[in-house]
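Asks: Residue numbers (the numbering used here), protein chains in the order written: chain A, -4 to 624; chain B, 3 to 503; chain C, 1209 to 1307.
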Amino acid sequence: MTTSTSLVYLIALPLFSAGLLLLLGRIADKWGHIFATLVSASVFVIGVMEFFAMQGREGEARAATQKVFEWISVGTFQVDASLLLDQLSICFVLLISGVGTLIHIYSIAYMSHDRDRRRFFAYLNLFIAAMLLLVLGDSYLNLYVGWEGVGLASYLLIGFWNQKPAYATAAKKAFVANRVGDVGLSLAIMIAFTQFGTVTFAGVKEGASGASAGALTAIGAMLLLAAAGKSAQFPLQSWLGDAMAGPTPVSALIHAATMVTAGVYLITRSNFIFDASPTAQLMVVIVGAITLLFGALIGTAKDDIKKALAASTMSQIGYMILATGLGPVGYAFAIMHLITHGFFKAGMFLGAGSVMHGMNDEVNMRRYGAIRKVMPITAATFGLGYLAILGVPPFAGFYSKDKIIETAFYAGGVEGILLGGATLFGAGITAFYMTRVMVLTFAGTKRWDENAHPHESPFLMWAPMAVLAVGSVTSGFLLNSGNALVNWLEPVVNESHEHHSEHFLPPLAISAMALFVVAIGVAFAILKYRSVPVVAPENVTGFTKAARKDLYQDSFNEAVFMRPGQKLTAGLVSTDYKVIDGLVRMVGWVIQISASSIRNIQSGYVRSYALIMVLGVLALVAAVWMVTL
Amino acid sequence: MSILTSLQLLPLIGALVVGILPASNAKLVKQVALGFSLLVTLVSIVMAISFDSGNSALQFTEVRTWISAFNINYAVGIDGMALVLILMTTILVPIVFLAGWNESENGRWNVKVFYILLLILETMMIGVFAATDVFLFYVIFEAMLLPVYFLIGGYGSGDRAAAAMKFLLYSLFGGLLMLAAVIGLYIISTNQGGATFDIARLSELTIDSATQNWLFLGFFIAFAIKAPLWPFHTWLPTAAKSATAGTSTLLLGVLDKVGTYGMIRFCMSFFPDATKTMTPAIITLAVISILYGAFLAIGQKDINSLIAFTSISHFGFITLGIFALTSQSLTGAIFYMVNHGFSTAALFLTAGWMIKRRGSTQIADFGGLQRVAPVLAWSFFLAGMSALALPGLSSFVSEFLVLVGSYAKYPVAAILGTLGIILAALYVLLAVQRALHGETPATSAGISDLNLREKIAIAPVIAVLVLLGFYPKPALEVINPTTKTVMINAGVSDPVAKVAK
Amino acid sequence: MDIANYIYLSALLFTIGAIGVVVRRNAIVVFMCIELMLNAANLAFVTFSRVHGNLSGQVASFFTMVVAACEVVVGLAIIVTIYRSRRSASVDDASLLKR
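(1) Just the C-alpha distance for C:Ile1211 and C:Gly1265, rounded to the nearest angstrom, thanks.
(2) Do the CB positions of A:Leu414 and A:Ala284 come within less than 8 Å of each other?
(3) Suppose you measure from the CA of B:Gly176 to the CA of B:Val141; what does that come to, to the nearest Å?
(4) If contacts are defined as beta-carbon pairs under 8 Å, then A:Pro453 and A:Ala31 qualify, I think. What distance do you get, rounded to the angstrom?
(5) Going by other Cβ atoms of all chains shown within 10 Å of its Cβ, with 16 needed for buried, is B:Asn341 buried or exposed?
(6) If you draw a straight line from the C-alpha of B:Phe272 to the C-alpha of B:Ser291, how long is it?
(7) With distances taken from CA atoms, which of B:Met126, B:Val150, B:Ser397, B:Ile424 is nearest B:Leu11?
(8) Step through the CB atoms of chain B and report whether any lies within less than 8 Å of the CB of A:Phe11.
(9) So, for B:Val374: in the same chain, excluding its five sequence neighbours on each side, which residues have a beta-carbon less than 7 Å away from its beta-carbon?
(10) Does B:Asn108 come out as helix, strand or coil in the three-state DSSP assignment?
(11) Measuring only the C-alpha atoms, how far is A:Gly439 from A:Val369?
(12) Does the CB of A:Tyr55 have a neighbour CB from chain B at under 8 Å?
(13) Please go through the same chain and pick out, in chain order, the residues whose beta-carbon is closer than 6 Å to the beta-carbon of A:Phe625, but skip the five residues on each side of it.
(14) With a Cβ-Cβ cutoff of 8 Å, do A:Gly313 and A:Thr335 count as a contact?
(15) Apart from the five residues on each side of it in sequence, which residues of its chain come closer than 6 Å, Cβ to Cβ, to B:Met180?
(16) Determine, using beta carbons only, whether A:Gly611 comes closer than 8 Å to chain C.
(17) Taking only beta-carbon positions, decide if C:Asp1210 is within less than 8 Å of chain A.
(18) Would you mind telling me which residues of chain B sit closer than 8 Å to A:Phe170, beta carbon to beta carbon, in chain order?
(19) Write down the C-beta distance between B:Ile88 and B:Leu60 rounded to the nearest angstrom, noting that I regard them as a contact closer than 8 Å.
(20) Compare the C-alpha of A:Asp571 against each of B:Leu207, B:Phe116, B:Tyr76, B:Ser307 and name the closest.
(21) What does A:Tyr139 reach in chain D if we use C-beta pairs closer than 7 Å?
(22) Expressed to the nearest angstrom, what Euclidean distance is found between the alpha-carbon atoms of B:Lys168 and B:Ala242?
(23) Given that A:Phe191 touches chain B, what residues does it touch there, using C-beta distances under 7 Å?
(24) In angstroms with no decimal places, state the Cα-to-Cα distance between A:Ile6 and A:Leu128.
(25) So B:Pro230 and B:Phe317 are in contact, right, with Cβ under 8 Å, and what is the actual spacing, rounded?
(26) Between A:Pro486, A:Asp298, A:Glu410, A:Val488, which has its C-alpha nearest A:Asp545's C-alpha?
(27) Please check the pair B:Val252 and B:Val98, which I expect to be a contact at CB under 8 Å, by giving their CB distance rounded to whole angstroms.
(28) Determine the extent of the beta strand (DSSP E) in which B:Arg66 is found, giving its start and end residues.
(29) Could you name the residues of the same chain whose beta carbon sits closer than 8 Å to that of A:Ile515, not counting the 5 residues immediately before and after it, in chain order?
(30) What is the DSSP secondary structure of A:Trp584, reduced to helix, strand or coil?
(31) Would you please state the rounded distance, in angstroms, between the beta carbons of A:Arg174 and B:Ala437? I believe it to be under 8 Å.
(32) Leaving out the 5 sequence neighbours to the left and right, which residues in its chain are closer than 7 Å to B:Ala84 when beta-carbon positions are compared?
(33) Could you please give me the residues that DSSP links to A:Ile384 through a beta bridge?
(34) Can you tell me where the alpha helix (DSSP H) holding C:Asp1150 begins and where it ends?
(35) Please state the DSSP three-state secondary structure of A:Lys297.
(36) With a 10 Å radius around its C-beta and 16 neighbouring C-beta atoms as the bar for buried, classify A:Lys167 as buried or exposed.
In structure tokens form, the structure reads like this:
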């Protein structure tokens, strides 16, 4: 371990910038966006420098730590604000600050007409700070601070245009769904502390070997719940589609490239827990497999371009989660897919934003068509991302997704066939819905609104898209050449160099199968969408109807949690008034009633008072008499 | 004379000075009152600086004979817990003055009376945490009700007389139970050689467990009403609905803390056996409070009663932390008392400004405030974030400590309590969405943003929330010795981690 | 003569007085009944003085007489005032305390 003194700037700079821009208010309107972009860029530069510094160190010394200050110290509960930059976190630092900076640049143009552009950039910087804290914290509690911090930034950005009630509701929904996941993370930390007496990654890793299977499974399950909340995995995925209410750069950065992949980071970071608990691993692969199919199926029916991409994100993260559940071999491939996905999905989201920018914020793909002619650069960059997500060689997705499919098949036995089949089927559907997006948007005939006058976006917007497109093309090859990423991550995830040669399917056969499935998906989509009605047809199959409604997850949540919850609340409110406060008021009432009946004795007639006195004396005498007897 | 005595005398002198000022000059009255309260803040900060956090004994002690026939003394002294609570009090009072600069003007009596009541209340709030004589504590505990009664009944809104009466009678009822228990303790001490009301000597008594249970209940019910714990809570929303924002702040932020403070100071140290017997029942009540308060908060339409119910939920967390009795949960609970004071202050003060500007307490009547009054909206939002214990704000540190500490001994209670954080997100965000987001209705269009005075009032509260969230060490260092002492007195030690390092 | 007879007489007089106070409405009669009760007490005092052979009881009866005299002065004054304002000497008409 190397001691570093510069890690804290990665977080402090954007945090300071966010605070400054928010506190200064309108004074900073003129230069706020440029300042925030420069801060983000400088974070990227620091990240790159750290990366090269790391390469200069060997073995154990590669990872660097920095203790910033003593945070909480109560009894044996000792948590420092400490940062850890190792081979895993540097991947994220570069992805977050790199893609983040590109999206800052894009947003300068995209948000140029918004009166609150400065506030938007402040939120973006806040997000960068929180996300970097999430990946740099050296303990689960530090991670938790970043974890909720990105939740807050996501809430603020989804609800950026919160004057629209639906957007404000979407923001709230995202925050609450995330909080459900946060409960999982809190509980995982509590169990970890009770078991190991520490919450640092190093301490938990050390203790994990001696813990009982039950405890490890409990921690694993809770971590999975946390990951499901943040990464929009089944059954907490329903917020992601609504989160598209945020400005498109936000969807690209937070809800595609970085924040939603935090769950993958969490599970990879906790590899020592999952490796020791096969039950937890099984849960992870099941959740991943369900989500990857769930998301892909939803994606086939969405007409809103952003929601189609969001469903795709959900599905792709399902691939990553599934990979992390496959044990030591899977982690590196999950991270590889995460990075390549960061490039091509962010690129496609920015492309979608570019199209919307030119089409008066129209999101319905049925009103697009033939846009490649007016937006050639957007179409080209989007197209490269499309090829990447399909997994066409030699684009990025080919290297990362094929590895996951391969690893899934190699899980062995029935599990291997089921998982491999699911990932393969998912790849086919992915090809279908992505081709659908391409065809509806860029090919075919114009179905534009009368007022739409699409035009190519300005340089500040297409340049980031171009950079991301380059990444979509090359990143897979680069990360995979000589097993670069796998070897790089080896010290963190303990990948054992086992050979898969004994398996019944050679890798080449799997790649061929994947390409074949993809080809079918593409062909099917092209055939189906030769002509596109402007209004979505009503006479569709039940399956399409279900997919349009996100496979009824929202309806389920409403019926099972929301409405009973509302009834419970209303019931409790009236019980509180009628029963509990009622009892209190009854005490007062009883005293009033009894007082007014006793008052009748006070007739005001002297003789009745005299009579009472006489009776009282008699009673007294009688009492004395009885006692003396 | 101990600095604690001067700290109590200062606001009293302030009240006298305000009393001789001409009632016609309201501005002067306010300025003098604010000046005195700031002086108190200053003295308390001096006291905090000279406080030795390494020393777990009582500090700045002073003992003077009061009623010698019963061996009743004016005895004061503070440990870390009392210090942080007194500091919270003395910081909140000038903020309340500044924030509610004009709230004294629609009262039954004139402006002078309002400030005299508040300054007297400040003396008592300091005294109640400083008292080390049970009788002195009891007297202040009861006497504190009177200024609050007049503040609610005289300067509140709505059905203020009824709310004040409900508050007074409910609290008096609890106080009487405590009086009986105090007398019981005194008699036991007389029988065991040496009549005394001194807290330290009373904790050394040997009491049989049946008696302990009864006396414990006498104290505990009084504190549970004060704190308030389910099902003794119904006076709180009524009072919060009618009281002015400043009064609510002091009532929930400071006065209610006397309840949880008393649980630690009296219930636990006098009756260790009874504490053990009662703990399961109390933890159940605490968990019910957490969830019940949160559900009720979700269902509220009135913004003040919403804040009151969030507090009931938070007091559930504090009580859970106290009775789980591990060093994390107890330190967390004490720290929570401080954080809840500031967090509630932020909520009540910002809500008060919103109500004053809009002329309604119904959440549904607001909407779109973020467009017209961004600073006010941000203040309310941050206060709400603090109520839902967002990491980075101080309430997170305390809430997490309570939960992590409780989990080791009462996992089911901790898990149920953790579910409360989802409900917290709901009640805060629902209110935020209804009040701040959406289109600005025409009725809210003319709402002005915070003025300089209001900004100065809210800034320190938010600064404390953020600073203690990032760097809670100074507070935790002061609180830790108290926790240790309480745990040693109770004969409890922390559970050991299952897998040794 | 048996000493008990005096006590019986005293008790009888007291009872008559007490019943008179309770059942009669005319203020004067009520007043006289009170006097009767006081004198019944006096009789008892004197009797006990005789029994014990000291003067304490007789002294007490003098006190009673003084008190009775004072009471007559104040009481009659009140009755006269009430009669003047209400044209009635019935105690039931003077029930101002009720409301």
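Cβ atoms here follow ideal geometry from the backbone N, Cα and C, with glycine treated the same way.
Replies: In short, the structure shows the following:
(1) Translated into the one-based positions of the third sequence, residue 1211 of chain C becomes position 3. Translated into the one-based positions of the third sequence, residue 1265 of chain C becomes position 57. C:Ile1211 and C:Gly1265: Cα-Cα distance of roughly 15 Å.
(2) Along the first sequence, one-based indexing puts residue 414 of chain A at 419. Along the first sequence, one-based indexing puts residue 284 of chain A at 289. In this structure, A:Ala284 lies closer than 8 Å to A:Leu414 by Cβ.
(3) As a first step, residue 176 of chain B is located in the second sequence; it is residue number 174 there, counting from the start. As a first step, residue 141 of chain B is located in the second sequence; it is residue number 139 there, counting from the start. Just so you know, the alpha carbons of B:Gly176 and B:Val141 end up roughly 13 Å apart.
(4) Against the first sequence, residue 453 of chain A aligns to sequence position 458. Against the first sequence, residue 31 of chain A aligns to sequence position 36. Beta-carbon to beta-carbon, A:Pro453 and A:Ala31 are separated by about 19 Å, too far to satisfy the 8 Å threshold.
(5) Within the second sequence, residue 341 of chain B is the residue found at index 339, counting from 1. By the Cβ-count criterion, B:Asn341 is buried, with 16 or more other Cβ atoms from all chains shown falling within 10 Å of its own Cβ.
(6) The sequence position of residue 272 of chain B within the second sequence is 270, counting from 1. The sequence position of residue 291 of chain B within the second sequence is 289, counting from 1. Roughly 25 Å separates the two Cα atoms.
(7) In the second sequence, counting from the first residue as 1, residue 11 of chain B sits at position 9. When the alpha-carbon of B:Leu11 is set against those of B:Met126, B:Val150, B:Ser397, B:Ile424, the nearest one is in B:Met126.
(8) Taking the first residue of the first sequence as position 1, residue 11 of chain A is located at position 16. No - not a single Cβ of chain B is within 8 Å of the one on A:Phe11.
(9) As a first step, residue 374 of chain B must be located in the second sequence, where it is residue number 372. Only Thr442, Ser446, Ala447, Ile449 meet the Cβ criterion.
(10) Counting from one through the second sequence, the residue named residue 108 of chain B turns up at place 106. Coil, per DSSP.
(11) Within the first sequence, numbered from 1, the residue matching residue 439 of chain A stands at position 444. Within the first sequence, numbered from 1, the residue matching residue 369 of chain A stands at position 374. Here the alpha carbon of A:Gly439 sits roughly 13 Å from the alpha carbon of A:Val369.
(12) Start at 1 with the first residue of the first sequence, and residue 55 of chain A comes out as number 60. Reading off the sequence shown, one finds Glu at residue 55 of chain A, where the question assumed Tyr. Chain B, which has no Cβ nearer than 8 Å to the Cβ of A:Glu55, makes this no.
(13) This structure cannot speak to residue 625 of chain A, because chain A is shown only from -4 to 624.
(14) As a working note, residue 313 of chain A is residue 318 in the first sequence. As a working note, residue 335 of chain A is residue 340 in the first sequence. Not closer than 8 Å, so no.
(15) Translated into the one-based positions of the second sequence, residue 180 of chain B becomes position 178. So the qualifying residues of the chain are Gly220, Phe221, Ala224.
(16) Stepping through the first sequence from its first residue, residue 611 of chain A is reached at position 616. Closer than 8 Å: no.
(17) Along the third sequence, read from residue 1 onward, the residue named residue 1210 of chain C stands at position 2. So no, C:Asp1210 is outside the interface.
(18) Translated into the one-based positions of the first sequence, residue 170 of chain A becomes position 175. Chain order gives the chain B residues near A:Phe170 as Ala427, Leu431, where near means a beta carbon separation below 8 Å.
(19) Translated into positions along the second sequence, residue 88 of chain B becomes position 86. Translated into positions along the second sequence, residue 60 of chain B becomes position 58. About 13 Å separates the beta carbons of B:Ile88 and B:Leu60, which is beyond the 8 Å limit, so they are not a contact pair.
(20) Looking up residue 571 of chain A in the first sequence gives position 576. Ranked by Cα distance from A:Asp571, the first of B:Leu207, B:Phe116, B:Tyr76, B:Ser307 is B:Ser307.
(21) No chain D appears in the structure shown, which is made up of the protein chains A, B and C.
(22) Translated into positions along the second sequence, residue 168 of chain B becomes position 166. Translated into positions along the second sequence, residue 242 of chain B becomes position 240. In this model, B:Lys168 and B:Ala242 are separated by some 12 Å (Cα to Cα).
(23) Working through the first sequence from its first residue, we reach residue 191 of chain A at position 196. Chain B residues near A:Phe191: Ala499, Val501.
(24) Locating residue 6 of chain A in the first sequence gives position 11, counting from the first residue. Locating residue 128 of chain A in the first sequence gives position 133, counting from the first residue. Cα-Cα distance, rounded: 6 Å.
(25) Reading the second sequence from its first residue, position 228 is the one you call residue 230 of chain B. Reading the second sequence from its first residue, position 315 is the one you call residue 317 of chain B. Taking C-beta atoms under 8 Å as the contact rule, B:Pro230 and B:Phe317 qualify, at a distance of about 7 Å.
(26) Taking the first sequence and counting its residues from 1, the one referred to as residue 545 of chain A is at position 550. Just measuring C-alpha positions, the residue of A:Pro486, A:Asp298, A:Glu410, A:Val488 sitting nearest A:Asp545 is A:Asp298.
(27) Along the second sequence, one-based indexing puts residue 252 of chain B at 250. Along the second sequence, one-based indexing puts residue 98 of chain B at 96. Checking the sequence shown, residue 252 of chain B turns out to be Leu, not Val. That belief holds up - the Cβ atoms of B:Leu252 and B:Val98 are roughly 6 Å apart, short of 8 Å.
(28) One-based indexing of the second sequence puts residue 66 of chain B at position 64. 61 to 69 is the span of the beta strand (DSSP E), which, as asked, contains B:Arg66.
(29) As a working note, residue 515 of chain A is residue 520 in the first sequence. Cβ within range, chain order: Gly423, Ala426.
(30) The residue given as residue 584 of chain A occupies position 589 in the first sequence. Of the three classes helix, strand and coil, the one that applies to A:Trp584 here is helix, per DSSP.
(31) Position 179 of the first sequence, counted from the first residue, corresponds to residue 174 of chain A. Position 435 of the second sequence, counted from the first residue, corresponds to residue 437 of chain B. About 20 Å separates the beta carbon of A:Arg174 from that of B:Ala437, a gap too long to meet the 8 Å contact definition.
(32) In the second sequence, counting from the first residue as 1, residue 84 of chain B sits at position 82. When the five nearest sequence neighbours on each side are left out, the beta carbons in the same chain lying within less than 7 Å of the beta carbon of B:Ala84 are those of Phe131, Ala132, in order along the chain.
(33) Against the first sequence, residue 384 of chain A aligns to sequence position 389. Looking at the DSSP output, A:Ile384 bridges to nothing.
(34) What the structure shows of chain C is the stretch from 1209 to 1307, and residue 1150 of chain C is not part of that stretch, so it cannot be assessed.
(35) Locating residue 297 of chain A in the first sequence gives position 302, counting from the first residue. In this structure, A:Lys297 counts as coil in the three-state DSSP scheme.
(36) In the first sequence, residue 167 of chain A corresponds to position 172, counting from 1. Burial call: buried.
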